[in-house]
Amino acid sequence: SDSSEFLGAPDSLITRDQAFLHISNFTELPTVIEKGRLLGYAHLPDEWLDRPDKMDDDTRQTLEARAAAVKSYVDDRFKSDEDAARDADFPGEDELEGGPKTAEAPDPDPIPSSQLLSEVHFSPDLSPEQRTKLEAVVSKHPDAFSLDGRLGHYDSQVKVPLQPDSKPVSQPPFPSSPEKRGII
1 SDSSEFLGAP DSLITRDQAF LHISNFTELP TVIEKGRLLG YAHLPDEWLD
51 RPDKMDDDTR QTLEARAAAV KSYVDDRFKS DEDAARDADF PGEDELEGGP
101 KTAEAPDPDP IPSSQLLSEV HFSPDLSPEQ RTKLEAVVSK HPDAFSLDGR
151 LGHYDSQVKV PLQPDSKPVS QPPFPSSPEK RGII
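To convert, note that position 181 of the sequence shown is 181 in UniProt numbering; the numbers rise steadily by one, no gaps.
In structure tokens, the structure reads:
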């Protein structure tokens with residue numbers, strides 16, 4: 001264990017069915033958590049947590065009010081996630097063939113090249129000088145726009161710097177909680 005590593009684990013209730021512990025790495029470098037490494041201490045909830053029968057009425061009422069507020073927030077949060085997932089499915093519509101890279105873009109009314117500047121929406125907050133300069137840039141690169149029924153294309157090469165000898169990683173950008181993974 002390196003002294004420069006700083007990992008954090010939140011207080012968590014862990015069950016046999018969902019034996020997961022989220023760990024935060026507060027350093028700028030990746031770290032490996034080896035088997036057997038101490039990440040925290042386990043306590044029996046009945047012995048470690050406060051019990052309602054051992055607290056005064058005011059404290060119990062305050063904690064119950066806070067618990068009700070948290071429950072309401074969580075219920076609303078999960079309801080919003082479920083509604084968003086249901087809306088994303090677009091019930092009643094046929095499934096599209098292929099994926100985003102194979103789908104054809106709808107082009108009901110092709111824009112002629114002669115109308116390029118009138119179809120581009122420039123900010124009304126631009127000064128006349130700024131607008132003139134932007135119009136010149138747009139006019140200079142008409143191939144970057146979808147005109148005359150063809151898709152826009154701008155020929156450029158982009159080099160993405162990588163760390164030497166790095167391997168590709170394929171994972172979601174933000175981990176889902178075990179409960180959300182069960183829903184997904």
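Glycine residues also receive a C-beta, built at the ideal position from the N, C-alpha and C atoms.
Nearest residue (CA-CA) to Ser118, options Ser177, Gly8, Phe145: Taking the sequence shown and counting its residues from 1, the one referred to as residue 118 is at position 118. Proximity to Ser118 across Ser177, Gly8, Phe145 peaks at Phe145, based on C-alpha coordinates.
Cα-Cα separation, Ser1 to Ser139: One-based indexing of the sequence shown puts residue 1 at position 1. One-based indexing of the sequence shown puts residue 139 at position 139. Note that Ser1 scores 49 on pLDDT, short of 50, meaning its location in the model is unreliable; the coordinates nonetheless yield the value given after this. Rounded to the nearest angstrom, the gap between the Cα atoms of Ser1 and Ser139 is 59 Å.
CA nearest to the CA of Asp46, picked from Phe6, Gly40, Lys54: In the sequence shown, residue 46 corresponds to position 46, counting from 1. Lys54 is the residue among Phe6, Gly40, Lys54 whose C-alpha sits nearest the C-alpha of Asp46.
Start-to-end residues for the alpha helix (DSSP H) that takes in Val32: On the sequence shown, residue 32 is found 32 positions in, with the first residue counted as 1. Counted as a single uninterrupted DSSP element, the stretch harbouring Val32 is not any alpha helix (DSSP H), since DSSP gives it neither H nor E.
Under 7 Å between C-beta atoms of Gly149 and Pro110: Position 149 of the sequence shown, counting from 1, holds the residue named residue 149. Position 110 of the sequence shown, counting from 1, holds the residue named residue 110. Taking 7 Å as the Cβ cut-off, Gly149 and Pro110 qualify as a contacting pair.
Distance between Ala65 and Asp58 (C-alpha atoms, nearest Å): Residue numbering aside, residue 58 sits at position 58 when the sequence shown is read from its first letter. Residue numbering aside, residue 65 sits at position 65 when the sequence shown is read from its first letter. Each residue's Cα considered, the two are about 11 Å apart.
Host alpha helix (DSSP H) of Leu116 (start-end): As a first step, residue 116 is located in the sequence shown; it is residue number 116 there, counting from the start. Annotation for Leu116: the continuous alpha helix (DSSP H) segment containing it runs 116 to 119.
Simplified DSSP state of Ser166, which is helix, strand or coil: Start at 1 with the first residue of the sequence shown, and residue 166 comes out as number 166. Ser166: coil per DSSP, three-state reduction.
Cα-Cα separation between Ser123 and Val158, rounded to whole angstroms: Walking along the sequence shown from the start, residue 123 turns up at place 123. Walking along the sequence shown from the start, residue 158 turns up at place 158. Distance between the alpha carbons of Ser123 and Val158 is about 28 Å.
Residues of its chain near Glu5, where Cβ-Cβ distance is below 7 Å and the 5 sequence neighbours each way are ignored: If you number the sequence shown from 1, residue 5 lands on position 5. Within the same chain, Glu5 has close Cβ partners Thr27, Thr31.
Integer Cβ distance of Ala9 from Leu39, believed to fall under 8 Å: Within the sequence shown, numbered from 1, the residue matching residue 9 stands at position 9. Within the sequence shown, numbered from 1, the residue matching residue 39 stands at position 39. Separation of the CB atoms of Ala9 and Leu39 is rounded to 5 Å, and the pair is thereby assigned contact status at 8 Å.
Ser24 to Leu7 span [Cα, whole Å]: Here residue 24 refers to the residue found at position 24 of the sequence shown. Here residue 7 refers to the residue found at position 7 of the sequence shown. Between Ser24 and Leu7, the alpha-carbon positions lie close to 6 Å from each other.
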